[in-house]
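Undergrad: The structure under discussion is supplied below as structure tokens; questions concerning it will follow.
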Amino acid sequence: MKKVDVLLGLQWGDEGKGKVVDVLTPNYDVVTRFQGGPNAGHTLVFEGQKYVLRSIPSGIFQGNTVNIIGNGVVLDPALFKEEVEALEASGHDLTKRLYISKKAHLILPTHRLLDAAYEAAKGKGKIGTTGKGIGPTYTDKTSRNGVRVGDILDNFDEKYKAAVDKHKAILKSLNFEYDLEPLEKKWFEGLEKLKQFQFIDSEHVINNYLKEDKPVLAEGAQGTMLDVDFGSYPFVTSSNTICAGACTGLGVAPRNINEVYGIFKAYCTRVGSGPFPTELHDETGELIRKLGFEFGAVTGRARRCGWVDLVALKYAIMINGVTKLIMMKSDVLDGFDTIKACVAYDINGKQTKELPFEMTDDIKPVYKEIKGWKTDMTKIKSEAEFPQAFKDYINFLEQELEVPIYIVSVGPDRDQTIVRK
Ligand code: GDP
Ligand code: IMO
Ligand code: MG
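According to my numbering, the residues represented by the sequence shown are 3 to 423, in order.
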């Protein structure tokens, strides 16, 4: 009997999950997404090509690995169609390797309108969502008004109309103006595309794979600091991005989770509004954005940049039970004389290493300065080639975080990945 390995983000998303899932895929028979939806943008680079995945797991490019969109995911047929067609255009046939849980909830066109309406109503306090209808779809799921992929097979029109009518009433009460027709047209075209795929009882399928000793990798979306329970609420997404989310989002028992890969950037980024204690508002922040090409994979929005926050990382490691760390994008810092890591928070003159209830403006990061390695790391192929200053940095992080760093990524390409022994 195999167990599920989970790979998830420890910061505010965009850590590089897509790249590493792709790298690890040859070790797995199944790769599966367990939460989130097309708010995600997972970038993969190999053989000179770049791909961005939204709802499709990042195991789709390697060998015969089966890819499953799990029950915890919310799926927009219109965006799904675009994603599938882009992959088909580059020669990838997905219908025999991509399966969709009947219990995954559908993002309806009116969910996207509601997302926009709620954001507009929040005014200055807006979350800066991706505008993909994520919050309203999960709201309907928990308030028991959702429509699921399995519903497509039975009396769908009636269920669709009932949900959309409710949404129209809310949009009216918010005085939100909209034109639903073009959105609906695209959505129903997407629905036809979606029907070409097999809808499955994914909880049975995944547990059967485990019974047959077939390893499964669960791919997280977003990051721990965007988790609806443990993130910087209310500036979060609407799902459980943490390891526990893999249990509910796939139907896998907690005792059937094995490795928990926690992935982080050697610095930190965030898109949208909300607190970010180590954010840099100066030229160093600009430089990291430029060198790391920190712009949204899908929206193109500039990502806010700052130093790595070990207080938040330790919290994320605790919540997820991380067993192995993966450090991304250290190459972005290759040219820096010194880099900084936040080792504690100073809150009104008191130092703490524990994340407080809320991340407020009162938090002043306490930094440790680290000597830069001043080496082009992007061509390095093995750990033996690490410069001493980089080894020192890794040792420092491992001591602070108390979890081994298993993989170091030194560039966006599949090949620029160093697995440590
Ligand atoms: P995800 O959402 O966690 O999958 O991450 P994104 O794809 O949104 O953002 C990560 C970005 O960093 C993408 O543009 C990747 O191609 C790129 N990337 C991943 N790993 C590395 C790395 O080690 N170095 C550099 N320079 N870029 C990387
Ligand atoms: P990946 O999987 C970074 C952020 C949005 C916003 C908040 C809520 O690529 O790491 P939502 O649309 O989910 O209601 O937006 O969450 N957000 C992400 N930030 N990476 C992501 O996904 C994100 N998905 C959502 O910017 O602040
Ligand atoms: Mg992303």
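Idealized CB from N, CA, C, for every residue including glycine.
Go through the segment 116 to 190 residue by residue and report every complete run of the beta strand (DSSP E) that reaches 3 residues or more, in order.
TA: None, since the segment 116 to 190 contains no complete beta strand (DSSP E) of that length.
Undergrad: Closest to Gly133 by CA distance: which of Asp117, Gly125 and Ala122 is it?
TA: Checked all of Asp117, Gly125 and Ala122; the closest Cα to Gly133 is Asp117.
Undergrad: Residue range of the beta strand (DSSP E) that His44 falls in?
TA: It spans His44 to Phe48 - the beta strand (DSSP E) in which His44 sits, taken as one unbroken run.
Undergrad: Could you tell me how far apart the beta carbons of Phe82 and Leu196 are, in whole angstroms, since I believe they sit closer than 8 Å?
TA: Indeed, because the Cβ distance is near 6 Å, the residues count as touching under 8 Å.
Undergrad: Hey, would you say Met361 sits closer than 7 Å to Pro277, going by beta carbons?
TA: Yes, the pair counts as a contact, with Cβ atoms nearer than the cut-off.
Undergrad: Please look up how many angstroms separate the CB atoms of Asp378 and Asp339, rounded, as I've assumed it's under 8 Å.
TA: Actually they do not touch by this definition, with Cβ atoms about 15 Å apart.
Undergrad: Would you please state the rounded distance, in angstroms, between the beta carbons of Leu327 and Pro406? I believe it to be under 8 Å.
TA: About 7 Å; that satisfies the 8 Å criterion.
Undergrad: Expressed to the nearest angstrom, what Euclidean distance is found between the alpha-carbon atoms of Ala91 and Val345?
TA: Taking the straight line from one Cα to the other gives about 47 Å.
Undergrad: Within the segment 192 to 250, note down every full alpha helix (DSSP H) run reaching 4 residues or more, in order along the chain.
TA: Segments of the alpha helix (DSSP H) lying fully in the segment 192 to 250: 204 to 213.
Undergrad: Give the range of the alpha helix (DSSP H) segment to which Leu312 is assigned.
TA: It spans Leu312 to Asn322 - the alpha helix (DSSP H) in which Leu312 sits, taken as one unbroken run.
Undergrad: Tell me the DSSP bridge mates of Ile265?
TA: DSSP, once it has assigned bridges, lists Gly11 and Ile328 as partnering Ile265.
Undergrad: Which runs of the beta strand (DSSP E) at least 3 residues long sit entirely within the segment 64 to 120? Give them in chain order.
TA: As far as the segment 64 to 120 is concerned, its whole beta strand (DSSP E) runs of at least 3 residues are 68 to 71 and 100 to 103.
Undergrad: For Lys370, which residues does DSSP report across the bridge?
TA: Beta-bridge pairing links Lys370 to Ala343.
Undergrad: What residues are listed by DSSP as bridge partners for Glu281?
TA: Gly308.
Undergrad: Tell me the residue span of the alpha helix (DSSP H) that contains Lys352.
TA: Where Lys352 is concerned, there is no enclosing alpha helix (DSSP H), although the beta strand (DSSP E) it sits in stretches over Lys352 to Thr354.
Undergrad: List the endpoints of the continuous alpha helix (DSSP H) containing Gln37.
TA: No alpha helix (DSSP H) holds Gln37; DSSP gives it neither H nor E.
Undergrad: What does Phe297 pair with, by DSSP beta-bridge criteria?
TA: According to DSSP, Phe297 bridges with Ala304.
Undergrad: In whole angstroms, give me the CA-to-CA distance for Arg416 and Cys270.
TA: One C-alpha to the other measures close to 21 Å.
Undergrad: Relative to the C-alpha of Asn350, which candidate in Asp364, Arg56, Pro28 and Thr280 has its C-alpha closest?
TA: It is Asp364 whose Cα lies nearest to the Cα of Asn350.
Undergrad: Do you know whose CA, among Val230, Ile259, Arg303 and Ser241, lies nearest Ala220's CA?
TA: If we check each option's Cα against that of Ala220, Ile259 comes out closest.
Undergrad: Express the C-alpha separation of Leu176 and Val22 in angstroms, rounding to a whole number.
TA: Looking at the two C-alpha atoms, the distance is approximately 42 Å.
Undergrad: Could you check what DSSP says for Asp348 in three-state terms: helix, strand or coil?
TA: In this structure, Asp348 counts as strand in the three-state DSSP scheme.
Undergrad: Compare the Cα-Cα distances from Lys213 to each of Val254, Val166 and His44 and report the closest residue.
TA: Checked all of Val254, Val166 and His44; the closest Cα to Lys213 is Val254.
Undergrad: Can you name the residues that DSSP bridges to Thr419?
TA: In DSSP, Thr419 forms a bridge with Ser411.
Undergrad: Do you know how far the Cα of Gly222 is from the Cα of Ser241?
TA: Cα to Cα, the separation comes out at about 11 Å.
Undergrad: Tell me the DSSP bridge mates of Val6?
TA: BP columns for Val6 point to Val218 and Ile259.
Undergrad: Just grab the DSSP bridge partners of Gln51 for me.
TA: Bridge partners of Gln51: Phe48.
Undergrad: Here's the rule I'm using: 16 or more other beta-carbon atoms within 10 Å means buried, otherwise exposed. How should Gly125 be labelled?
TA: Label assigned to Gly125: exposed.
Undergrad: Where does Arg291 sit, in a helix, a strand or coil, going by DSSP?
TA: Residue state, collapsed to three classes: helix.
Undergrad: Let me have the residue list for ligand 3: C-beta closer than 5 Å to any non-hydrogen atom, ordered along the chain.
TA: Cβ-based neighbours of ligand 3 within the cut-off: Asp16, Gly43 and Ala299.
Undergrad: If contact is defined by three or more beta carbon pairs under 8 Å, each pair taking one atom from either stretch, is the segment 44 to 59 in contact with the segment 69 to 76?
TA: At 8 Å Cβ cutoff, the stretches touch.
Undergrad: Determine, using beta-carbon pairs with one atom in the segment 3 to 14 and one in the segment 177 to 195, whether at least three such pairs fall under 8 Å.
TA: As far as the Cβ criterion goes, the segment 3 to 14 does not touch the segment 177 to 195, which means the pair count is below three.
Undergrad: Using the rule of at least 16 other Cβ atoms within 10 Å of the residue's Cβ for burial, across every protein chain shown, is Ser384 buried or exposed?
TA: Under this definition Ser384 is an exposed residue.
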